[in-house]
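Just so we're aligned, residue 1 is where the sequence shown starts under UniProt numbering, counting upward by one.
Yeah, the Cβ is synthetic: ideal placement off N, Cα and C, and Gly gets one too.
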Amino acid sequence: MIATDTTTAPSPHKPASVAPIVDDEHLAHGALALVCDGADPVMNAVLCVCPAEQVWETLQCDPDRSVDGILALALPNARQRKEFESDPRRTVAWRTHIRGWVNRAAGLPRSLDDLWERLTDSGALHIVIPSDRLWPQRVEDLGLSQEFPDPTCLWVRGDPACLTACAAPLAIVGSREADAYGLSMARQAAIAAAKAGHTIISGGAMGIDAAAHRAAVETAPASTIAVMAGGLNHTGPARNLGLFDDIIASGGALISEVAPDTPPMSWRFLIRNRLIAALSHTVLVAQARYRSGALNTASHAARLNRVVLAMPGDADRAGNAGCNDLIYQGKAILLPDPRNVLDMLPDSHEHHKTPSQSTNPNRRTDPHPEMGQGASSTPDGFPLPSRTADDEPLPGLFPDPDEDQIPNASANASVRSNTGSNAGANANTATHSIRPADSVSPSDSGERTLDDEIIRSVRTLRSSHRTTDIGSIQARLQRHGIAVTCRRLAVRLGALEMDGRVLRHADGTFAALE
Numbered sequence: 001m002i003a004t005d006t007t008t009a010p011s012p013h014k015p016a017s018v019a020p021i022v023d024d025e026h027l028a029h030g031a032l033a034l035v036c037d038g039a040d041p042v043m044n045a046v047l048c049v050c051p052a053e054q055v056w057e058t059l060q061c062d063p064d065r066s067v068d069g070i071l072a073l074a075l076p077n078a079r080q081r082k083e084f085e086s087d088p089r090r091t092v093a094w095r096t097h098i099r100g101w102v103n104r105a106a107g108l109p110r111s112l113d114d115l116w117e118r119l120t121d122s123g124a125l126h127i128v129i130p131s132d133r134l135w136p137q138r139v140e141d142l143g144l145s146q147e148f149p150d151p152t153c154l155w156v157r158g159d160p161a162c163l164t165a166c167a168a169p170l171a172i173v174g175s176r177e178a179d180a181y182g183l184s185m186a187r188q189a190a191i192a193a194a195k196a197g198h199t200i201i202s203g204g205a206m207g208i209d210a211a212a213h214r215a216a217v218e219t220a221p222a223s224t225i226a227v228m229a230g231g232l233n234h235t236g237p238a239r240n241l242g243l244f245d246d247i248i249a250s251g252g253a254l255i256s257e258v259a260p261d262t263p264p265m266s267w268r269f270l271i272r273n274r275l276i277a278a279l280s281h282t283v284l285v286a287q288a289r290y291r292s293g294a295l296n297t298a299s300h301a302a303r304l305n306r307v308v309l310a311m312p313g314d315a316d317r318a319g320n321a322g323c324n325d326l327i328y329q330g331k332a333i334l335l336p337d338p339r340n341v342l343d344m345l346p347d348s349h350e351h352h353k354t355p356s357q358s359t360n361p362n363r364r365t366d367p368h369p370e371m372g373q374g375a376s377s378t379p380d381g382f383p384l385p386s387r388t389a390d391d392e393p394l395p396g397l398f399p400d401p402d403e404d405q406i407p408n409a410s411a412n413a414s415v416r417s418n419t420g421s422n423a424g425a426n427a428n429t430a431t432h433s434i435r436p437a438d439s440v441s442p443s444d445s446g447e448r449t450l451d452d453e454i455i456r457s458v459r460t461l462r463s464s465h466r467t468t469d470i471g472s473i474q475a476r477l478q479r480h481g482i483a484v485t486c487r488r489l490a491v492r493l494g495a496l497e498m499d500g501r502v503l504r505h506a507d508g509t510f511a512a513l514e
């Protein structure tokens with residue numbers, strides 16, 4: 001259940017910089033994340049086809065109109081509605097699920113100023129959404145999975161620029177009851193990686209997490225991110241509050257996918273672990289027992305095709321059993337020395353913080369704008385494409401139940417709309433979708449041309465006995481001068497699959513059928 005108590009004492013962890021100002025698009029994403037109590041695959045599907053402001057405005061109608069209105073937004077043409085209504089159980093499930101959103105939305109402030117105060121802790125927090133240039137695209141590898149959806153937005157206390165400052169972050173996780181050996185391994189690995197310019201990601205807990213964060217803070221500025229299980233007004237444990245202050249003061253950040261007043265219930269920690277894995281390039285389990293939350297993070301990392309490392313330890317110590325088993329089962333690479341972590345990361349690079357917060361679009365310039373009124377263009381100047389009733393059904397709105405089991409998570413990438421120079425777009429989505437400057441035109445002829453090139457790439461790769469996962473297809477397209485993001489490529493492959501032109505295999509590879 002969502003925490004609705006707004007009397008929580010202000011958190012002591014205030015960023016030293018000027019508090020952010022958040023516009024209506026960011027408020028809408030934050031409000032939707034609040035009513036969904038975090039990541040929600042149904043909400044992700046709805047946001048594929050309509051802007052967050054419009055969804056939030058619709059939720060504020062009376063309950064029956066709100067449920068029907070959300071379904072109308074999610075199913076804009078007759079073909080989609082017919083497919084949806086063909087399964088009565090799904091229809092009932094969606095209506096019940098959406099009614100839960102409506103009931104929770106009824107308890108939220110209608111005033112935008114009051115909503116801003118609640119969602120940003122009176123301006124102390126940033127809200128980062130998928131259309132921001134500071135959005136970490138790695139989280140989109142979580143895709144539209146029913147079990148492991150990607151977040152609607154992220155709350156940040158500190159500098160959100162650190163979310164994209166490093167192309168290859170290192171997650172260091174492990175036991176809360178780590179011994180001196182485990183703490184030493186975590187510290188040495190964090191120091192080596194931070195010196196080389198890599199961001200250190202962990203969960204802010206005692207033990208291994210705290211050792212990794214502390215080592216990063218003492219080694220390089222803006223070099224660590226703590227991913228919280230609860231809202232940022234409920235950071236803990238209390239023993240680490242000083243560490244959290246130091247993380248923020250050094251230019252790092254505390255982040256969460258749930259609203260500020262959400263308490264960190266025990267089950268949220270396992271859900272949080274998927275974010276740690278998704279944000280990272282490599283995950284190191286420094287020390288863990290046989291049954292440990294760190295092993296849960298390693299499992300998510302393997303599912304997302306991240307590099308998983310583990311430090312071996314004495315076989316007669318229970319605290320090392322988890323790492324030793326990961327290595328024995330072939331689920332992790334044995335790391336003989338913590339400094340060898342650099343061998344598994346890209347070359348050293350300067351830790352950068354671009355784009356700067358001064359260019360971040362998290363601004364609320366009008367104190368009383370009307371929620372839900374869409375603009376005709378994006379902040380980058382691209383026109384918003386329109387949608388007609390005859391458009392084809394959106395691929396991914398009703399994912400194949402078996403897709404959650406596909407090992408190649410990038411093939412299951414989210415198709416929720418995104419803007420900015422480093423973001424992709426779904427050419428089939430509604431007004432919320434924006435194409436990047438270097439992508440193919442979203443016109444019908446442009447999509448047909450891109451689809452033909454995708455199929456040609458699949459055929460060529462398969463004929464040369466090379467893998468045909470999304471990354472390989474994207475690389476071949478780029479070699480031939482076609483710039484397309486993984487997100488958009490996943491959308492087009494989904495459309496081609498629905499048209500019967502490509503076949504998706506269980507291992508995440510594709511084959512051309514024509």
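For residue i versus residue j, is the C-beta spacing smaller than 9 Å?
| i | j | result |
| --- | --- | --- |
| A278 | D141 | yes |
| L243 | H281 | no |
| L284 | L309 | yes |
| V502 | L513 | yes |
| H29 | T152 | yes |
| W116 | L27 | yes |
| G252 | D209 | no |
| W155 | A74 | no |
| T164 | L125 | no |
| L232 | D121 | yes |
| R138 | I255 | no |
| residue 593 | A161 | Residue 593 is absent from the structure shown; the chain starts at 1 and stops at 514. |
| I473 | V458 | yes |
| A226 | S202 | yes |
| I129 | L119 | no |
| A288 | G319 | yes |
| L335 | M311 | yes |
Closest to residue i by CA distance: which of the options is it?
| i | options | result |
| --- | --- | --- |
| P264 | R289, L241, V285 and P237 | P237 |
| C486 | R89, I470 and R339 | I470 |
| T199 | G207, I276 and S266 | I276 |
| I247 | G481, R118 and D159 | D159 |
| A321 | V491, P51 and G182 | G182 |
| L461 | L163, T449, L477 and Q287 | L477 |
| D347 | L170, I208, R65 and S66 | L170 |
| A193 | D179, C166 and E177 | C166 |
| L32 | L108, A72 and L75 | L108 |
| V484 | T219, E453 and R466 | E453 |
| E177 | Y290, C48 and I70 | Y290 |
| residue 521 | R274, C323 and A78 | Nothing about residue 521 can be read from this structure; the chain reaches only from 1 to 514. |
| A222 | A249, D37 and V341 | A249 |
| G207 | V217, I201 and A186 | A186 |
| V35 | D325, F148 and W56 | W56 |
| E147 | W101, G500, R272 and L335 | R272 |
| R65 | L345, A196, I98 and R239 | I98 |
| D150 | A39, E218, T96 and A196 | A39 |
| I70 | D343, F510, E497 and M43 | M43 |
With residue i as the anchor, note down where its alpha helix (DSSP H) starts and where it stops.
| i | result |
| --- | --- |
| L71 | P63 to A74 |
| F510 | Segment F510 to A512 is the beta strand (DSSP E) holding F510; no alpha helix (DSSP H) there. |
| L119 | L112 to T120 |
| V92 | P88 to A105 |
| W56 | A52 to L59 |
| V46 | P41 to L47 |
| I247 | L241 to A249 |
| I470 | I470 to R479 |
| F84 | A78 to E85 |
Tell me, which residues are paired with residue i by DSSP?
| i | result |
| --- | --- |
| A278 | Answer is none; A278 lacks a bridge partner. |
| L170 | I200 and T282 |
| L503 | A511 |
| A33 | According to DSSP, A33 bridges with nothing at all. |
| A253 | G158 and I225 |
Counting contacts by CB-CB distance shorter than 9 Å, is residue i in contact with chain D?
| i | result |
| --- | --- |
| S111 | Checking the listed chains, one finds no chain D in this structure; it contains a single protein chain. |
So does residue i have its beta carbon nearer than 8 Å to some heavy atom of the ligand MG?
| i | result |
| --- | --- |
| N44 | With respect to small molecules bound, the structure shown includes none, and the ligand MG cannot be examined in it. |
If you follow the beta strand (DSSP E) that residue i is part of, which residue opens it and which one closes it?
| i | result |
| --- | --- |
| I127 | H126 to V128 |
| V156 | L154 to G158 |
Quiz prompt | Inside the region 176-238 only - beta strand (DSSP E) runs reaching at least 3 residues | solution = 200-202 and 224-227
Quiz item: In chain order, which beta strand (DSSP E) runs of at least 3 residues are fully inside the region 255-336?
Solution: 282-287 and 307-310
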